[in-house]
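These protein sequence lines map, in sequence, to chains X and H. Quick note, in this note's numbering, the first sequence goes up one by one and the last residue is 363. Quick note, in this note's numbering, the second sequence goes up one by one and the last residue is 336.
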Amino acid sequence: MFNKQVGLIHAVDGVSFSINKGETFGLVGESGCGKTTTARAILYIDPPTSGKINFEGKDIVSIFKSKNKEEKLKLRRKIQYVFQNPYASLDPRMTVSDIIIEPLIIHKLVPKKFCYQRLYELLKLVGLEEYHAERYPHEFSGGQRQRICIARALAVEPTLLIADEPVASLDVSVRAQILNLLTELQQKFKTTFLYISHDLSTVRHICHRVAVMYMGRIVEVAKTEDLFEEPLHPYTKALISSIPIPDPLAKKTRIILTGEVPSPINPPVGCRFEARCTYDKDQNCVKNVPKLVDVGNGHFVACEKTKK
Amino acid sequence: MVKKILKIENLKTYFYTWAGIVKAVDGVNIDVNEGETLGLVGESGSGKSVTALSIIRIVPSPGKIVEGKIIYKGENLVEKKEKTLQDIRGKEIAYIFQDPATSLNPVFTIANQLVEVILRHQKISKKEALEKAIELFRLVEIPDPEIKIWNYPHQLSGGMKQRMAIARALASQPNLLIADEPTTNLDVTIQAQILELMKNLKKKLGMSMILITHDMGVVADTADRITVLYAGRVCETADTKTIFYNPKHPYTQALLTAVPSLALKTEKLNVIPGSIPNLIKPPKGCRFHPRCEYAQQICTKKIPELTEIEPGHKVACLRATEINLKSPLGGSNN
């Protein structure tokens, strides 16, 4: 009874995007729009139902499906993940040194003798001290824990780092510290970042390009500047206008969306944003799925009304 | 002369834990004028919520109000008996809790929970109360209120639950509404809806409001005046424009510059070094001095008093007049 399947949730439905080497790519959207599922699909934690994910020229879905353990391990080293909640993603019974050295041993990156040396290097990199190494996660604050998570991810020198709302659970002043750390590390190691967030102001701060998701589909992709200066999709416009600006005198033209996100079990046939859209809608919007179209300068939009 | 609906004087709320006494709120002074929205801002652990809980006297154990006065409409709430307080809570002062999901009872329908609140303070029949509940639902702009009211909390989305929590708080037309981070758990587009709704309702019903938040963007938009708290003490109080354009306390300024903003794209965010102090053994003197870039010898010894430097602008900093702080919005705008 309890395990009865009541329906398929189309959490992510036909998403395509590409991330260039060395850039920070932002994935934004409201909760439940499929940002995290997309990221987890890249790592095969939530295996995709169909589709291709190319990483450094190879289709990684087929590698993860195969039984080639060696290749899988290699991939897992190259793609690392920093989770949303630093309180839940560190083993409470492992010390910081255990946590950070474990990936070094699994991936046989550093001879055992030099593990501690590498550990101290990593701790210093993320702004922690050597004496922190023998402590347990509960002895740290949220910001420090997130630093440990970042050190663990960087330990294996990944080429792609997926950061899933790394600052959502942190305080404002600590948030600034972690964001600065991430930008610094990227400049230093030229790592590619996939930054997932619902907070557009942090996205504007650290991302080079941004994709906006709504109900499992990408509605707009553009360079950060273009997206914020000249959003084209009605959803992006509403999203940007609803961010509270910390300036009491700022002129606000807020687009208030009516209603809430429809159920992903039975999504609308055509454009998924149609019910909440502020544009003049017609039959075309209800029936046809809008395609992601290039409008020039690397700016893509999925809206029938914007194309002309 | 504006009438003050609430005046908190030298409030001290301590928590008596096994590790020591946590001085969560330590000498806080706050005024709320009639009809205004006061924004209460600070990091987590700054004592915002404890101050608010103290007002309606529901500080959880082992917390206790040890000193101070909370004067609401001329009467000191600290001296009131529990029975009288029960008549004030919900009717005079209503509270919206941070997490709408946990402040609703999962085993009762929404109708049940709303009617209960209405019947507690008003002498009307159940049928009338139900009609009133539906009316409230319409007020907070919930579609199909006649149907939705028979739902259980789990059947509603986060935004709906928060609307329901607002409806419950407004049930007996309170004079003062305390909203503790009412939009923190919501998505941006829903947050915009809820903030707009609260602003309109406040105007319509003529309430006063205390809005607790850590989001500077939210207060800029909704508050008339702002009080900044740090480690259980007030740093600065002024009207919203002054706080944003002419901050006098280093902590206020640091809070403003630490937020990534859509308006200003900066390379590096300003960082407040360190973190909020341990309130069992708070720093001597000014509590912000270990993290303050302007701190001097005197700051470590003398406790700064909240002093009025301009009419309506109070600051608790020994060096407030010496240092020249710049607002990220482009300096003073007097």
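Note that beta-carbon positions come from the ideal geometry of N, C-alpha and C, so glycine has one too.
For this session: Report the three-state DSSP secondary structure of residue 354(X) (helix, strand or coil).
Result: Note: residue 354(X) maps to coil in three-state DSSP.
Problem set entry | Residues of its chain near residue 158(H), where Cβ-Cβ distance is below 8 Å and the 5 sequence neighbours each way are ignored | The residues are 112, 150, 166.
Problem set entry | Exposure of residue 336(H), with buried meaning 16 or more beta-carbon neighbours within 10 Å | Summary for residue 336(H): the model assigns pLDDT 41, below 50, so the residue's position carries little reliability; its value from the coordinates is reported in the next sentence. When all chains shown are included, residue 336(H) counts as exposed.
Exercise. Which residue comes first and which comes last in the alpha helix (DSSP H) that contains residue 204(X)?
Worked result: Following the DSSP letters along the chain, one finds residue 204(X) inside the alpha helix (DSSP H) bounded by residues 197-209.
Exercise. What residues match up with residue 280(H) in a beta bridge as DSSP calls it?
Worked result: Paired residue(s): none; residue 280(H) is not in a bridge.
Exercise. Based on the DSSP output, what are the partners of residue 69(H) in its beta bridges?
Worked result: Beta-bridge pairing links residue 69(H) to 14(H).
Exercise. Who are the neighbours of residue 229(X) on chain H, taking C-beta pairs under 8 Å?
Worked result: Residues of chain H passing the Cβ test: 277.
Exercise. When DSSP builds the beta bridges, which residues end up paired with residue 349(X)?
Worked result: Answer by DSSP bridge pairing, in chain order: 355(X).
Exercise. Around the Cβ of residue 102(X), are there at least 16 other Cβ atoms within 10 angstroms (buried) or fewer (exposed)?
Worked result: With fewer than 16 other CB atoms across the displayed protein chains lying within 10 angstroms of its CB, residue 102(X) is exposed.
Exercise. Over what stretch of residues does the alpha helix (DSSP H) that includes residue 29(H) continue unbroken?
Worked result: For residue 29(H), there is no enclosing alpha helix (DSSP H); the residue is found in the beta strand (DSSP E) stretching over 22-35.
For this session: Please report how far the alpha carbon of residue 36(H) lies from the alpha carbon of residue 6(H), in whole angstroms.
Result: Rounded to the nearest angstrom, the two C-alpha atoms are 6 Å apart.
Problem set entry | Partners in chain H for residue 309(X), counting only beta-carbon separations shorter than 8 Å | For a Cβ distance threshold of 8 Å, residue set 194, 198 of chain H lies close to residue 309(X), ordered along the chain.
For this session: Over the uninterrupted alpha helix (DSSP H) stretch that includes residue 123(H), give me the two end residues.
Result: Going by DSSP, residue 123(H) is part of the alpha helix (DSSP H) stretching over 112-123.
Exercise. Are the beta-carbon atoms of residue 192(H) and residue 23(H) separated by less than 8 Å?
Worked result: Cβ distance not < 8 Å, so residue 192(H) and residue 23(H) don't count as in contact.
Exercise. Could you check where the alpha helix (DSSP H) with residue 283(X) kicks off and where it finishes?
Worked result: Per DSSP, residue 283(X) belongs to the alpha helix (DSSP H) from 279-284.
Exercise. Exposed or buried, residue 186(X), counting other C-beta atoms within 10 Å across all chains shown (16 or more means buried)?
Worked result: Classification of residue 186(X): exposed, given that the 10 Å Cβ count is below 16.
Problem set entry | Whole-Å CB distance - residue 27(H) paired with residue 8(H), under 8 Å assumed | Between the beta-carbon of residue 27(H) and that of residue 8(H) there is about 15 Å, and that puts the pair past the 8 Å contact cut.
Problem set entry | Rounded separation between residue 4(H) and residue 34(H) - CA only | If you take the alpha carbons of residue 4(H) and residue 34(H), they lie about 10 Å apart.
Problem set entry | Residues that residue 232(X) contacts on chain H, provided the C-beta gap is smaller than 7 Å | 273, listed in chain order.
Exercise. When DSSP labels each residue in this structure, what does residue 149(X) get in the three-state scheme?
Worked result: Residue 149(X) sits in coil when the DSSP states are folded into three classes, being neither helix nor strand.
Exercise. Identify the residues that DSSP records as bridge partners of residue 96(H): which are they?
Worked result: Partner(s): 179(H).
Exercise. Do residue 216(X) and residue 238(X) come within 8 Å of each other at the CB atom, strictly closer than that value?
Worked result: No, the Cβ-Cβ distance between residue 238(X) and residue 216(X) is not below 8 Å.
For this session: Would you kindly check if the distance between the Cβ of residue 42(H) and the Cβ of residue 212(H) is under 8 Å?
Result: By the CB criterion at 8 Å, residue 212(H) and residue 42(H) fall inside the cutoff.
Exercise. Is residue 285(H) close to chain X, meaning its C-beta is less than 8 Å from at least one C-beta of that chain?
Worked result: False, the Cβ-Cβ gap to chain X never drops below 8 Å.
Exercise. Which residues of chain H have a Cβ atom closer than 9 Å to the Cβ of residue 85(X), listed in chain order?
Worked result: The answer, in chain order, is 189, 190, 191, 192.
For this session: Check whether the Cβ atoms of residue 232(H) and residue 65(H) lie closer than 8 Å to each other.
Result: No. Outside cutoff.
Exercise. What is the DSSP secondary structure of residue 326(H), counted as helix, strand or coil?
Worked result: DSSP places residue 326(H) in coil when its eight states are reduced to three.
Exercise. So which residues on chain H does residue 293(X) lean against when the C-beta distance must stay under 7 Å?
Worked result: Near residue 293(X) (Cβ distances below 7 Å), the residues of chain H are 191.
Problem set entry | Three-state secondary structure (DSSP) of residue 270(X) | Here DSSP, grouped into helix, strand and coil, assigns residue 270(X) to coil.
Exercise. Based on Cα-Cα distance, which residue from 88(H), 67(H), 245(H), 119(H) lies nearest to residue 342(H)?
Worked result: Residue 342(H) lies beyond the range of chain H shown here (3 to 336); nothing can be said about it.
Exercise. Can you name, in chain order, every residue of its own chain whose Cβ lies under 7 Å from the Cβ of residue 56(X), other than the five neighbours on each side?
Worked result: With a pLDDT of 44 at residue 56(X), under the threshold of 50, the predicted position of this residue should be treated as unreliable, though the coordinate-derived value follows. Counting only Cβ-Cβ distances below 7 Å, and skipping sequence neighbours, we find nothing.
For this session: Name, going along the chain, the residues of the segment 262-279 of chain X whose beta-carbon falls closer than 8 Å to a beta-carbon of chain H.
Result: Among the residues of the segment 262-279 of chain X, none has a Cβ less than 8 Å away from any Cβ of chain H.
Exercise. How should residue 148(X) be labelled, buried or exposed, when 16 other C-beta atoms within 10 angstroms of its C-beta is the threshold for buried?
Worked result: Residue 148(X) is exposed by the Cβ-count criterion.
Problem set entry | CA-to-CA distance, residue 266(X) to residue 347(X), given in whole angstroms | Each residue's CA atom was taken as its position, placing residue 347(X) and residue 266(X) some 11 Å apart.
Exercise. Counting along the chain, where does the beta strand (DSSP E) carrying residue 235(H) start and finish?
Worked result: Run containing residue 235(H): 235-241, per the beta strand (DSSP E) assignment.
Problem set entry | residue 354(X) versus residue 258(X): straight-line alpha-carbon distance, rounded | Distance between the alpha carbons of residue 354(X) and residue 258(X) is about 17 Å.
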